[in-house]
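Participant: Below is the structure I would like to discuss, written out as structure tokens.
There are 2 protein chains.
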Amino acid sequence: MRFQRYLPPLQWLSGYDRNQATKDLVAALIVTVLLIPQSLAYAQLAGLPAQVGLYASLLPLVAYALFGSSRTLSVGPVAVLSLMTAAALAPLVRAGAVDAVTGAIVLALMSGLILVAMGLLRLGFLANFLSHPVISGFVTASAVVIAASQVKHLLGINTSGGNLLELIQSLASTMDQGNGATLAVGGATLGFLLLARQWGKRVLVSLGLTTRPAELLAKTAPIWAVCVSMVLAWQLELGSLGVRLVGEIPAGLPSLTLVGWDWALWQELALSALLIGVVGFVESVSVGQSLAAKRRERIDPNQELIGLGAANLGAGVSGGMPVTGGFSRSVVNYDAGAQTPAAGVFAAVGIALATVFLTPVIAYLPQATLAATIIVAVASLIDVPAAIRTWRYSRSDFGAMLMTMVLTLGHSIETGLVAGVALSVGLFLYRTSRPHSAVVGRVPGTEHFRNVSRHQVETCPTVAFLRVDESLYFANARFLEERVLELVADDPALRHLVLVCPAVNQVDASALESLEVINERLQTAGVTLHLSEVKGPVMDRLRGTELLSQLSGEVFLSTYRAWQRLIEPSACQRTSV
Amino acid sequence: MRFQRYLPPLQWLSGYDRNQATKDLVAALIVTVLLIPQSLAYAQLAGLPAQVGLYASLLPLVAYALFGSSRTLSVGPVAVLSLMTAAALAPLVRAGAVDAVTGAIVLALMSGLILVAMGLLRLGFLANFLSHPVISGFVTASAVVIAASQVKHLLGINTSGGNLLELIQSLASTMDQGNGATLAVGGATLGFLLLARQWGKRVLVSLGLTTRPAELLAKTAPIWAVCVSMVLAWQLELGSLGVRLVGEIPAGLPSLTLVGWDWALWQELALSALLIGVVGFVESVSVGQSLAAKRRERIDPNQELIGLGAANLGAGVSGGMPVTGGFSRSVVNYDAGAQTPAAGVFAAVGIALATVFLTPVIAYLPQATLAATIIVAVASLIDVPAAIRTWRYSRSDFGAMLMTMVLTLGHSIETGLVAGVALSVGLFLYRTSRPHSAVVGRVPGTEHFRNVSRHQVETCPTVAFLRVDESLYFANARFLEERVLELVADDPALRHLVLVCPAVNQVDASALESLEVINERLQTAGVTLHLSEVKGPVMDRLRGTELLSQLSGEVFLSTYRAWQRLIEPSACQRTSV
């Protein structure tokens, strides 16, 4: 059992049959075709040589197949992680502290180690602190920065910058150096890909294909763009017209190597590696979960950490870059009928063949073509409706989203992410530090008690019933003290205070002490403290504490019983709302 | 009204009469007598010249009387803040970056500014994040460090160190340089003070005093110790025997000055100033609240921030050191009958007279006497029973306490405090990220639903009822997704899932999205999602969202209604516990 959890192939390999293998092979073929241009493009986005993208689509797929818990996730370079890699490495590369390839390897290794460690320590829950609005704001802003960073390849100019402001400044100053032929290639690819996305499926269906093959074929548009532009570049000698091509890249498989240990470099890249790991994990888990749910399968987030960690370690020892489970390729893998992670292994074989045999051809690939595929891919990540929905639903959530977006666009993606998480945790702590509480009165003629300021209820001037609608712990313990003392200070006739606790799921040591303080202070002020409707597990813990042994009043099972015991019927009055 | 809140004297000054004035004057006299040795001692503890302690007991009292909201709080130097001041300045003074007096002034000014800013922004709730166990661990550990730091004055040796380890090492290596006469003075004072604390009141009562005067008189033991040791030092020329005396200090009132602006220094001291401000605030508010409650008065925490901020600014412009409302002096002030903050102003006048007339006498005061008063004062802060109580009640709270203590003793008080807060917030976030939830079934023959694993209830294989016992927000939204998908994956017969929400007080944007995702995923898996017992305010916000318009099932007012609609009675079964 334990082995099976940590090595998921033990779960499916014994029952693996010819039928499954065939389906996996077909899916692998389709995914391979999609992966090649994507891998090249994301290497370019990360500022790395094209072959690094291919290398990152080999061993990581095998490592994930061994340790990952999703059956259909497809692992490899993705847009957001490529941008994060570029941003993390840019200052170090500029300063000459490290070459980009070594830096990417270190990032992959380190985020792999971090993910595996988090998985073994079962820290998957930490990813929950990336709230949806923060992720959404981060992804949208990253997509804008990614698109802006690729404009230079479309125009054939040189720009630099890690955020939108810098990129726009840089673009404005170099715009006049644009190359017409490059723009033609880039513009044509962009147009073709946008048309294919919008109309491709419909055109193919009208040509006689059934829906699913048409959908899959439409998704292979990038590979056609890549093929056609390579042929054109070769035949028309576009390189001599100033169109930048990928150029010669080493043929063959990467050799397995370990980078040298450079403590200062690792320290410098630690935060980036952590964020790359966590962002990749969040993206991957949400893709993996949505696919698993369709087949009523499950994925185990802590095992996913280990699987993705292994994939990144695989990338790190084979000259790759940080990877994770990508949305588009996983959906293609699923739609193409992949049954098990073996499909990933087969796809790795496909990429390996491409690495061995196709590299001479890839040399003719225009960078503008890759830039166009990146821009079209990330355009779909820009989610303005999500921002509008969030604004409508919750201003504070929108605040966290907006801050993440503004800082990602205007400063850096790491700052945006860290500030967004800090703000959303801060807002959450703020909210829980002032819990809802209400003075309640009896609904006439019943045993029910309701908020005196919302309902017409009976109250009695010598007895106050205060209902607390939250667990009690350090962040709101003093708030409760203040609330109670305020109540007592405002009402000199008060003789009894009943804390109504049905919604108190927890009382921590701070809150316990606050309750003891409240009991003591009320006593010196001549007011008796009672509790009512304390939940079973809370009561179990309170037994044996000073609070119960020194409580000036009683613990009532129901609020109504406290009412019967404490009030003087003649003094009661009805509140008007 | 608004003016009255920001300038509390407007509330009491108009009704101020001769009776109140008399009581305030008597209280001021007693407090002054207590304040003089305390002020001198805490200046010594902070590593500052004796007069700084006196200066810090002048203007701050007046400033607090103007802006503070407590009627009986007595402001001045306190033990923990003095230690924090010493610790913050020690490295800078050693490095020659600043002299101790200027450093203390900067700390007072900066923490004053921080407190005023927090008060104006109404950030008083931030202090709640110092949980009781963290404060208790911090105070106990600080008291040990304080006592250890004063041992050198008792022995007449030179030690240094910011934590217990360093102090013990330093003591061990200099122990042989001790001075007999110093030890005699220190030991005698220590013995006298301990006896006075233990037996003083009883002895005075047996001599014929009534309880309250006896109690107050016993508390003036330090001033007798100070007087007697000064006379002895003068008559026996203890200085020439190697007993270190306070020595000559400038007579007269401090001049009002502003320190020069030194950006690097302010930056260096920023965290220390923040911590000094917040710790002082927490100490002061808890003292102030406990005294106010006795008379059914109230204090306003945000106004307290302004009052304490003003007091520290007062200290900063008059050559003082960081101050706050001290426990012992406030209790004395209260017990002596202080009615209004005017008592504080009168005490300031008393200290001013002492500063003008008593300084020649103070020169003869042995440092060992002050050390003994400090040790006796802080000994009462060491609270071992609190640690035992916390250990018994909650292991995780004890963990935060222990970490604070160990780091305060072994590294530095700032590290201890910051790590303690971080750990307790982290533990809290961890707990809330995995909320309690339970699959519930119907208690046979009733409309009530209970946890299937605890009670014998009816369930139906095609319908699951999942009760969630916590508000839903980003930290636990994904947890809910996992819980639901797990439920569905484990049970292929399931057709309906009802989320029972009576304890859900809040649904943030992340949780809303998770609910939408759950709805969609359940739909693709052939399961209908229903909600029941959604609270009114939550329902109000959900209306108009995609969740409700696309919900595959219904929203039921009660779980029983959902039960009636969804189950097939023939398929029901009873669970056995």
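Keeping their order, the protein sequence lines are chains A and B. All residue numbers for the first sequence refer to my numbering, where the first residue is 1 and numbers rise by one. All residue numbers for the second sequence refer to my numbering, where the first residue is 578 and numbers rise by one. Beta carbons: idealized from backbone N, C-alpha and C, even for Gly. No experiment lies behind these values; they were computed from the predicted model shown.
With a threshold of 8 Å between beta carbons, is L241(A) in contact with chain B?
Facilitator: no
Participant: Rounded to whole angstroms, what is the Cα-Cα separation between P827(B) and K600(B)?
Facilitator: 33 Å
Participant: Using a C-beta cutoff of 8 Å, does T788(B) count as contacting chain A?
Facilitator: no
Participant: From the beta carbon of L485(A), is the nearest beta carbon of chain B less than 8 Å away?
Facilitator: yes
Participant: I'd like to know if D397(A) contacts chain B, where contact means its C-beta is closer than 8 Å to some C-beta of that chain.
Facilitator: yes
Participant: Could you pull out every residue in the same chain whose Cβ sits closer than 8 Å to the Cβ of Q581(B), ignoring the five residues on either side in sequence?
Facilitator: L587, Q588
Participant: Can you tell me which of the three DSSP states S1109(B) falls into?
Facilitator: strand
Participant: When Cβ atoms are compared, which residues of the region 908-919 of chain B fall closer than 9 Å to chain D?
Facilitator: In summary, chain D is missing from the structure at hand, where the protein chains are A and B.
Participant: Given L890(B), which residues of its chain have a CB within under 8 Å of its CB, disregarding the five upstream and five downstream residues?
Facilitator: A640, A685, L686, G689, L690, V693
Participant: May I ask you to list the residues that DSSP assigns as paired with Q573(A)?
Facilitator: For Q573(A), DSSP records a beta bridge to T459(A).
Participant: Can you tell me whether I135(A) is buried or exposed, with buried defined as 16 or more other CB within 10 angstroms of its CB?
Facilitator: Buried is the call here.
Participant: Do T1105(B) and R1072(B) count as a contact pair if the criterion is CB distance below 8 Å?
Facilitator: yes
Participant: What span of residues does the alpha helix (DSSP H) with F129(A) cover, start to end?
Facilitator: F129(A) -> no alpha helix (DSSP H), and no H or E assigned at all.
Participant: Could you name the residues of the region 514-526 of chain A whose beta carbon sits closer than 7 Å to any beta carbon of chain B, in the order they occur along the chain?
Facilitator: R521, T524, A525
Participant: Take M978(B) as the anchor and find which of V728(B), L1000(B), V782(B), S1048(B) has the nearest alpha-carbon.
Facilitator: Closest by alpha carbon: L1000(B).
Participant: How about I853(B) and L700(B): are their beta carbons less than 8 Å apart?
Facilitator: no
Participant: Three or more C-beta pairs under 8 Å: does that hold for the region 413-428 of chain A against the region 232-240 of chain A?
Facilitator: no
Participant: Between which two residues does the beta strand (DSSP E) containing L58(A) stretch?
Facilitator: First-last for L58(A): undefined, no H or E at that position.
Participant: If we call anything under 8 Å between Cβ atoms a contact, is T736(B) one with T751(B)?
Facilitator: Their beta carbons are under 8 Å apart, which means T736(B) touches T751(B) by this criterion.
Participant: Three or more C-beta pairs under 8 Å: does that hold for the region 1133-1149 of chain B against the region 1033-1051 of chain B?
Facilitator: yes
Participant: Would you mind sorting I388(A) into buried or exposed? The rule is 16 or more other CB atoms within 10 Å of its CB.
Facilitator: That one is exposed.
Participant: Any beta carbon of chain A sitting closer than 8 Å to that of Q880(B)?
Facilitator: no
Participant: Reducing DSSP to helix, strand and coil, say where N601(A) ends up.
Facilitator: Beyond the ends of chain A as shown, which are 1 and 577, falls residue 601(A); an answer cannot be given.
Participant: Thinking D1046(B) and A1080(B) are a contact (beta carbons under 8 Å), I'd like their distance in whole angstroms, please.
Facilitator: 5 Å
Participant: Contact criterion: CB-CB distance below 8 Å. Does D469(A) meet it with respect to chain B?
Facilitator: yes
Participant: Would you please verify whether the beta carbon of S1010(B) is less than 8 Å from any beta carbon of chain A?
Facilitator: yes
Participant: Between which two residues does the beta strand (DSSP E) holding A1015(B) run?
Facilitator: Per DSSP, the unbroken beta strand (DSSP E) holding A1015(B) starts and ends at 1014-1019.
Participant: Since G320(A) contacts P60(A) with CB under 8 Å, what's their CB separation in whole angstroms?
Facilitator: 7 Å
Participant: Please list the residues of the region 488-515 of chain A that have a C-beta atom closer than 8 Å to any C-beta atom in chain B, keeping them in chain order.
Facilitator: V488, A489, P492, A503, N505, Q506, D508, A509, S510, L512, E513, S514
Participant: Using 8 Å as the threshold, is the C-beta distance between S549(A) and L522(A) below it?
Facilitator: Cβ atoms of S549(A) and L522(A): not closer than 8 Å.
Participant: Are G242(A) and A181(A) closer than 8 Å when you measure CB to CB?
Facilitator: yes
Participant: If we ignore side chains and look at the alpha-carbon of each, how far apart do F556(A) and L480(A) end up?
Facilitator: So the two alpha carbons sit approximately 20 Å from each other.
Participant: Please classify E447(A) as buried or exposed, where buried requires at least 16 neighbouring CB atoms within 10 angstroms.
Facilitator: exposed
Participant: Taking A184(A) as the reference, which of L515(A), A371(A), G280(A) has the closest Cα?
Facilitator: A371(A)
Participant: Between the C-alpha atoms of L660(B) and T717(B), what's the straight-line distance to the nearest angstrom?
Facilitator: 13 Å
Participant: Got a sec, what are the start and stop residues for the beta strand (DSSP E) R122(A) sits in?
Facilitator: From DSSP, R122(A) is part of no beta strand (DSSP E); its letter is neither H nor E.
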